[in-house]
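Numbering (the numbering used here), first residue to last: 285 to 399.
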């Protein structure tokens, strides 16, 4: 049994999914693997996510210590970048495995059509 923010999780898999579960978190993290990105760069690289959802997911990832948010105020316009923390980088093997599975899945399932 694991406890995070006073909520119980029955196993290590549920703990992992607590941090990367949902439709968008792993996708956002995948786009941060190469390094820091601005909000608009993330928005352009994930065109099907809404601005509200991207903002909420980034906030959750930041609150969980997976992503760092840095604000640069030296000169206008204000620049905000997001990047993986050291803790977030521990998810790289998991994200790599998810990506590999996603690449291979269409070969093994008639239900998945890649276009």
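Backbone N, C-alpha and C fix where the C-beta goes; we use that ideal spot for every residue, glycine too.
Three-state secondary structure (DSSP) of residue i
i           : result
residue 332 : coil
residue 368 : strand
residue 263 : A query on residue 263 cannot be resolved here, the shown segment of the chain reaching from 285 to 399 and no further.
residue 309 : helix
Candidates the options: closest to residue i by CA position
i           : options            : result
residue 401 : 305, 389, 294      : No statement about residue 401 is possible, as the shown extent of the chain runs from 285 to 399 and does not include it.
residue 346 : 316, 390, 328      : 316
residue 303 : 397, 399, 374      : 374
residue 371 : 322, 348, 343, 289 : 348
residue 309 : 322, 320, 324, 333 : 333
Neighbourhood of residue i by C-beta distance below 8 Å, restricted to the same chain and skipping five residues each side
i           : result
residue 287 : 293
Cβ neighbours of residue i in the same chain (closer than 6 Å, five flanking residues each side left out)
i           : result
residue 353 : 346, 366
residue 390 : 396, 398
residue 322 : 365
Whole-Å CB distance - residue i paired with residue j, under 8 Å assumed
i           : j           : result
residue 378 : residue 300 : 7 Å
residue 327 : residue 338 : 6 Å
Close Cβ partners of residue i (< 7 Å) along its chain, the five nearest in sequence each way excluded
i           : result
residue 355 : 362, 364
For a minimum of 4 consecutive residues, which ranges assigned as the alpha helix (DSSP H) are wholly contained in the stretch 314-358?
323-329, 335-347
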